[in-house]
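The numbers in the sequence shown follow my numbering, run straight up by one, and end at 998.
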Amino acid sequence: MPMKSLKTADVKNKTVIARVDLDTPLGKDSSGNIIVRDDYRLQRILPTIQWLASHKAKTVVIGHLRRPKGWDKDKSLLPVAQTMADLLKLKFIVIDEKVERLPHYDIPHVFFFAEDFRAEKSKRLLKDLNPGDIAVLENIRFYPEEEKDSEEFARELASLGEIYVNDSFATVYHANQVSIMRLATLLPHYAGFELEKETKILSQVLATPERPYLMMIGGVKLSEKLAAMSGILNHCDSVIVGGGIATLFYLAQGYEVGKSLAEKSKIVEAKDILRNYKSKIHLPVDVVVARSPEEEKSIRVTKPDEVSPEEMILDIGPETIKKYSEIIREAKTVLWSGPMGLFENKHFAHGTKALGRLFASRSQGLSFGIAGGGDTLAAIKMLGVGEDIDHLSTGGSSMLQYLSGIKLPGIEVLKD
Ligand code: ADP
Ligand code: MG
583 MPMKSLKTAD
593 VKNKTVIARV
603 DLDTPLGKDS
613 SGNIIVRDDY
623 RLQRILPTIQ
633 WLASHKAKTV
643 VIGHLRRPKG
653 WDKDKSLLPV
663 AQTMADLLKL
673 KFIVIDEKVE
683 RLPHYDIPHV
693 FFFAEDFRAE
703 KSKRLLKDLN
713 PGDIAVLENI
723 RFYPEEEKDS
733 EEFARELASL
743 GEIYVNDSFA
753 TVYHANQVSI
763 MRLATLLPHY
773 AGFELEKETK
783 ILSQVLATPE
793 RPYLMMIGGV
803 KLSEKLAAMS
813 GILNHCDSVI
823 VGGGIATLFY
833 LAQGYEVGKS
843 LAEKSKIVEA
853 KDILRNYKSK
863 IHLPVDVVVA
873 RSPEEEKSIR
883 VTKPDEVSPE
893 EMILDIGPET
903 IKKYSEIIRE
913 AKTVLWSGPM
923 GLFENKHFAH
933 GTKALGRLFA
943 SRSQGLSFGI
953 AGGGDTLAAI
963 KMLGVGEDID
973 HLSTGGSSML
983 QYLSGIKLPG
993 IEVLKD
């Protein structure tokens with residue numbers, strides 16, 4: 583059974599609990615206040631939130647920020663809720679210990695509940711929302727129960743509303759989180775528009791990709807990337823490898839990688855992948871190395887098996903860029919996950935820039951381009967080519983698992 587679309591739900595005058603993705607990059611303004619640095623994830627949930635508001639639902643928004651241990655003011659959703667109100671062009675009111683009742687206006691508001699939603703006062707005020715109002719709860723991970731699959735906590739949350747909608751693609755791979763799983767089973771449940779869009783696009787790539795289907799993989803989250811790579815290798819035609827993951831494959835081949843970032847515990851897995859899929863995998867033929875990222879004078883290009891013990895691999899080299907560019911030009915579907923080098927440093931950004939630009943320029947026509955992952959999206963933003971790419975996924979890990987053919991628990995739970 584497919585997920586039920588929110589479009590089919592009757593939400594008028596009902597309280598709808600919306601689990602969305604609020605885990606946005608933060609920064610500080612000139613006075614030191616925490617602010618949202620990049621609102622792309624918020625932009626993507628606006629259609630669902632606006633639809634709920636315009637269909638006269640009372641919306642209770644649940645989201646998380648980072649990995650807090652308990653109630654941690656630095657990881658408060660306050661600045662995120664404020665930005666959401668700005669994007670929605672609605673008035674924003676913080677409900678804290680000083681507020682005893684909701685101010686009643688004729689126009690909808692965004693309220694931020696700074697205190698525990700389980701307190702009597704919070705429950706009373708949440709019941710008092712007007713149709714069209716939006717109440718954002720504090721970081722759901724402030725509650726340890728959220729990640730412990732607590733039945734009781736799920737019931738507390740469910741008691742706040744009558745309908746559940748999930749629009750948080752980035753978190754649907756988590757099997758034990760109450761607001762993704764158990765809460766969905768307690769209420770009539772629907773998929774939000776962003777979740778629907780992600781699964782529609784990715785299911786097409788999984789089932790019927792236009793071939794050749796190429797994966798471009800880099801970055802440093804090695805266990806996640808390796809797992810994804812072996813899953814996706816069953817579906818794609820070839821993989822070009824860069825970043826820390828290329829270093830790992832050199833180690834697996836017995837090369838000396840000096841002081842490069844590397845994880846020896848993953849060598850066996852990397853060897854298995856190389857053995858099983860050798861013909862599909864391309865490794866860099868040259869690399870940019872330095873004694874450290876700061877020692878500019880030590881930067882040189884070398885063969886991957888000629889890295890000295892004092893050096894570290896920090897980018898793919900010019901011959902590799904040329905070779906990979908030819909492979910990208912032949913592909914009809916390109917999936918990009920992970921930068922090719924330490925791109926935050928301009929000396930080691932050439933691989934990511936050159937291939938990122940080519941990837942973007944071939945998208946929307948010559949090939950179908952999909953990218954995901956926090957740092958990959960940051961690199962795309964730096965290049966200013968986001969608009970050119972067919973699909974920017976809001977969930978790096980969810981995207982990789984989905985395209986590996988793995989069933990994601992938070993999606994499955996919405997299907998029955
Ligand atoms: P994503 O967030 O896109 O999934 P990762 O988190 O796995 O990607 O990795 C991104 C990080 O990898 C970036 O900060 C980048 O600087 C770093 N990186 C890539 N290649 C190298 C390298 N050769 N050495 C050190 N860091 C690297
Ligand atoms: Mg990352």
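Virtual Cβ for every residue (Gly too), placed ideally from N, Cα, C.
Check                                                                                                                                                                   : Outcome
Below 8 Å on the Cβ atoms is my guess for Asp868 versus Thr884; work out the distance and round it to an integer in Å.                                                  : 7 Å
Check the C-beta distance from Gln983 over to Leu974 and give it rounded, since I have them as a contact under 8 Å.                                                     : Going by Cβ atoms, the distance from Gln983 to Leu974 rounds to 17 Å, so no, they are not a contact pair.
Any idea if Arg649 is buried or exposed, counting beta-carbon neighbours within 10 angstroms, 16 or more meaning buried?                                                : exposed
Quick check on Lys651: buried or exposed, where buried means 16 or more other Cβ atoms within 10 Å of its Cβ?                                                           : exposed
If you compare alpha carbons, which of Lys671, Asp749, Asp698 and Leu711 is closest to Leu684?                                                                          : Leu711
Can you give the Cα-Cα distance for Asn721 and Leu624, rounded to whole angstroms?                                                                                      : 15 Å
Inspect the beta-carbon positions of Gly824 and Gly978 and report whether they are closer than 8 Å.                                                                     : no
Measure the Cβ-Cβ separation of Leu804 and Ile827 and say whether it is below 8 Å.                                                                                      : yes
Considering only heavy atoms of the ligand ADP, does any lie closer than 7 Å to the CB of Pro921?                                                                       : yes
Going by the CB atoms, is the gap between Ile745 and Val593 shorter than 8 Å?                                                                                           : yes
Does the beta-carbon of Ile971, which I'm using as the reference point, lie nearer than 7 Å to any heavy atom of the ligand ADP?                                        : no
Tell me, to the nearest whole angstrom, how far the beta carbon of Leu1015 is from that of Gly645; I am working on the premise that it is less than 8 Å.                : The displayed coordinates of the chain run from 583 to 998. Any statement about residue 1015 would go beyond what the structure contains.
Over what stretch of residues does the alpha helix (DSSP H) that includes Ala591 continue unbroken?                                                                     : It is not in any alpha helix (DSSP H) - Ala591 carries neither H nor E in the DSSP assignment.
Have a look at Leu948 and Ile783 and give me their C-alpha separation to the nearest angstrom.                                                                          : 17 Å
State the DSSP-derived secondary structure class of Ile898, mapped to helix, strand or coil.                                                                            : strand
For a test of the three-state rule: what should DSSP assign to Gly872, helix, strand or coil?                                                                           : With the sequence shown as reference, residue 872 is identified as Ala, and Gly is not the correct amino acid for it. Strand, per DSSP.
Assess contact between the segment 905-918 and the segment 870-880, defined as three or more Cβ pairs (one per stretch) separated by less than 8 Å. Is contact present? : no
Kindly indicate which three-state DSSP category Ile689 falls into: helix, strand or coil?                                                                               : coil
When a residue counts only if its C-beta is closer than 5 Å to some heavy atom of the ligand MG, which residues count, in chain order?                                  : Gly956 and Asp957
Can you list, in chain order, the residues of its chain whose CB lies under 7 Å from that of Gln664, leaving out five sequence neighbours each side?                    : Phe674
I need the DSSP call for Leu916, collapsed to helix, strand or coil.                                                                                                    : It is worth fixing the name first, because residue 916 is Val in this sequence and not Leu. If DSSP states are grouped into helix, strand and coil, Val916 belongs with the strands.
Are the CB atoms of Lys586 and Tyr772 within a distance shorter than 8 Å?                                                                                               : yes
If you scan the segment 796-877 from start to end, which runs of the alpha helix (DSSP H) of 4 or more residues do you find wholly inside it?                           : 804-814, 825-834 and 849-859
Any chance the segment 914-922 sits against the segment 790-807, with 3 or more Cβ pairs inside 8 Å?                                                                    : yes
Please name the residue, chosen from Gln759, Asn748, Ser732 and Ser704, that lies closest to Leu742 on a Cα-to-Cα basis.                                                : Ser704
Just to confirm the assignment, what range does the alpha helix (DSSP H) spanning Arg882 have?                                                                          : First-last for Arg882: Arg882 to Thr884, but that is the beta strand (DSSP E), not the alpha helix (DSSP H).
Please go through the segment 703-747 and give each complete beta strand (DSSP E) segment of 3 or more residues, from N-terminal end onward.                            : 716-719
Below 8 Å CB to CB, which residues in the same chain sit around Asp621 once its five sequence neighbours on both sides are set aside?                                   : Thr606, Thr665 and Leu669
From which residue to which residue does the alpha helix (DSSP H) around Val642 run?                                                                                    : It is not in any alpha helix (DSSP H) - Val642 instead sits in the beta strand (DSSP E) that spans Lys640 to Ile644.
Just verifying my parser: in three-state terms, what is the DSSP assignment at Val602?                                                                                  : coil
Could you have a look at Ile993 and say whether DSSP puts it in helix, strand or coil?                                                                                  : helix
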